Amino acid sequence: MSHLAVNLSMIFTEVPLIERFALAHAHGFEHVEIQFPYELDIFDIRTQLEQHNLSLCLINVPAGDLMQGGNGLAGIPGREVEFHHALELAIRYATALDVPRVNILAGKQPLDADLLPCLNTLSSNLKLACHMLTEQGIEPLFEMINGTDMPRFLVQNIAQAQEMLEAINHPALKMQYDCYHMAMMGEDILTGLQENLHQIGHIQFADCPSRHEPDTGNIAYKAIFDWLLQSGYQGFIGAEYKPKTHSDQSFAWKQKYFANDVNT
1 MSHLAVNLSM IFTEVPLIER FALAHAHGFE HVEIQFPYEL DIFDIRTQLE
51 QHNLSLCLIN VPAGDLMQGG NGLAGIPGRE VEFHHALELA IRYATALDVP
101 RVNILAGKQP LDADLLPCLN TLSSNLKLAC HMLTEQGIEP LFEMINGTDM
151 PRFLVQNIAQ AQEMLEAINH PALKMQYDCY HMAMMGEDIL TGLQENLHQI
201 GHIQFADCPS RHEPDTGNIA YKAIFDWLLQ SGYQGFIGAE YKPKTHSDQS
251 FAWKQKYFAN DVNT
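Quick note on numbering: the UniProt record's numbering labels position 206 of the sequence shown as 206, and the sequence is numbered without any gaps.
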């Protein structure tokens with residue numbers, strides 16, 4: 001059975017990050033994910049997790065200036081040392097907080113750079129991440145991000161992710177599969193899951209095109225969730241959406257689709 005998680009970086013944003021753990025627990029979640037937890041001290045995060053009986057199931061490696069409109073780190077020639085330091089910081093947080101999986105964001109092709117050197121840099125950095133993360137018992141992930149929200153992102157669709165997996169050829173490396181991003185790219189979400197589940201280490205969801213909670217857009221989530229809950233998938237399914245109104249009012253999908261999933 002699956003494990004349901006709530007993303008504290010996008011949900012419960014009505015309050016500071018340190019206060020969102022309590023809200024996750026209050027809404028019945030046992031697992032949380034945080035995109036970039038580094039604004040909080042490890043001790044403070046651990047205290048919140050223990051106090052509210054939560055596990056932190058996923059974090060990202062720091063991505064430099066990517067979230068502020070820049071190009072990021074992992075696939076950018078000349079920023080390898082900075083990526084290495086970012087990876088070390090992610091490992092410090094993950095090992096201290098028992099985080100089982102860490103996601104690497106590829107970054108964007110700079111306007112003044114050719115594509116091939118960026119992909120080669122990404123490949124080298126992913127190989128380094130595989131080595132350093134697996135040494136600590138952490139599973140490395142990388143994510144496909146749609147090219148509308150983030151133009152020039154280096155890995156945008158399933159085919160590109162498969163090519164990168166073949167290039168890296170490391171048994172621990174998996175895709176992070178975000179249903180929203182795949183819908184934005186025109187992928188068939190359910191088919192993509194069915195054909196690639198053995199290469200997927202973490203799943204996230206939001207509706208499309210507005211990235212709100214399920215049943216607010218055009219993704220047929222019933223078939224997706226029904227299949228996932230029967231598929232034998234053992235990883236986490238993370239709610240990573242922008243609540244349409246207030247976070248507290250955005251969880252109708254949880255009772256509708258996961259009420260009978262005993263491991264949520």
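Positions of the beta carbon are idealized from the N, C-alpha and C atoms, including for glycine. Everything numeric in this text was worked out from a predicted model, so none of it was measured.
Item: In this structure, how does DSSP classify Gly75 when only helix, strand and coil are distinguished?; Value: coil
Item: Distance check for Thr95 and Val262, CA to CA, integer angstroms please.; Value: For Val262, the predicted model reports a pLDDT of 47, less than 50, meaning its position is unreliable; a value from the coordinates is still stated below. Approximately 27 Å between the Cα atoms of the pair.
Item: Would the segment 10-20 count as touching the segment 31-42 if we require 3 or more Cβ pairs under 8 Å?; Value: yes
Item: May I ask you to report which of helix, strand or coil DSSP gives Pro16?; Value: coil
Item: Tell me, to the nearest whole angstrom, how far the beta carbon of Lys244 is from that of His212; I am working on the premise that it is less than 8 Å.; Value: 4 Å
Item: Indicate whether Phe21 and Gln48 have their beta-carbon atoms separated by less than 8 Å.; Value: yes
Item: Report yes or no: do the segment 62-79 and the segment 89-108 share at least 3 C-beta pairs separated by less than 8 Å?; Value: yes
Item: Have a look at His202 and Gly232 and give me their C-alpha separation to the nearest angstrom.; Value: 13 Å
Item: Buried or exposed: where does Gly137 fall if 16 or more other Cβ atoms within 10 Å of its Cβ makes it buried?; Value: exposed
Item: Between Leu190 and the rest of its own chain, which residues show a CB-CB distance below 7 Å, the 5 nearest in sequence each way excluded?; Value: Ala223, Ile224 and Trp227
Item: His31: which of Asn53, His25, Ile45 and Ala5 sits nearest, CA to CA?; Value: Ala5
Item: Could you tell me the alpha carbon to alpha carbon distance between Glu14 and Asn146, rounded to whole angstroms?; Value: 26 Å
Item: Just list the residues that DSSP pairs Asp112 with in beta bridges.; Value: Its beta-bridge partners do not exist; DSSP assigns none.
Item: Just confirm the distance between the C-beta atoms of residue 279 and Glu187, as a whole number of angstroms; I'd bet it's less than 8 Å.; Value: The chain is shown only over 1 to 264; residue 279 falls outside these bounds and no answer can be derived.
Item: Taking Ile149 as part of the alpha helix (DSSP H), name the residues at either end of that continuous run.; Value: It should be noted that the sequence gives Asp, not Ile, for residue 149. Asp149 -> no alpha helix (DSSP H), and no H or E assigned at all.
Item: Answer with yes or no whether the minimum CB distance from Phe36 to chain B is below 8 Å.; Value: As a matter of chain content, chain B is missing from the structure shown, which is built from one protein chain.
Item: For Leu116, count neighbouring Cβ atoms within 10 angstroms of its own Cβ and tell me buried if that reaches 16, exposed if not.; Value: exposed
Item: Tell me which residues share the same chain as Asp178 and place their Cβ nearer than 6 Å to its Cβ, disregarding the 5 neighbours each side in the sequence.; Value: Gln204
Item: In angstroms, rounded to a whole number, what distance separates the CA positions of Lys174 and Ile168?; Value: 11 Å
Item: Between Met182 and Gln109, what straight-line distance do the alpha-carbon atoms span, to the nearest angstrom?; Value: 20 Å
Item: Exposed or buried, which one is Gln176 when buried takes at least 16 other CB atoms within 10 Å?; Value: buried
Item: Find the nearest neighbour of Glu135 within the set Lys242, Ile200 and Glu88, judged by alpha-carbon distance.; Value: Glu88
Item: Measuring alpha carbon to alpha carbon, tell me which of Leu54, Ala63 and Thr148 ends up nearest Ala26.; Value: Leu54
Item: Going by CA-CA distance only, name the one from Cys57, Ile42, Ile18 and Arg46 that's closest to Phe29.; Value: Cys57
Item: Measuring straight from C-alpha to C-alpha, what distance separates Met150 and Ile91?; Value: 26 Å
Item: Report all residues from its chain with a CB closer than 8 Å to the CB of Thr216; omit the five preceding and five following residues, and keep chain order.; Value: Asp207, Ser210 and Lys244
Item: When we look at the beta-carbon of Val81 and count the other beta-carbons within 10 Å, is it buried (16 or more) or exposed?; Value: exposed
Item: Note the first and the last residue of the continuous beta strand (DSSP E) segment covering Glu187.; Value: First-last for Glu187: undefined, no H or E at that position.
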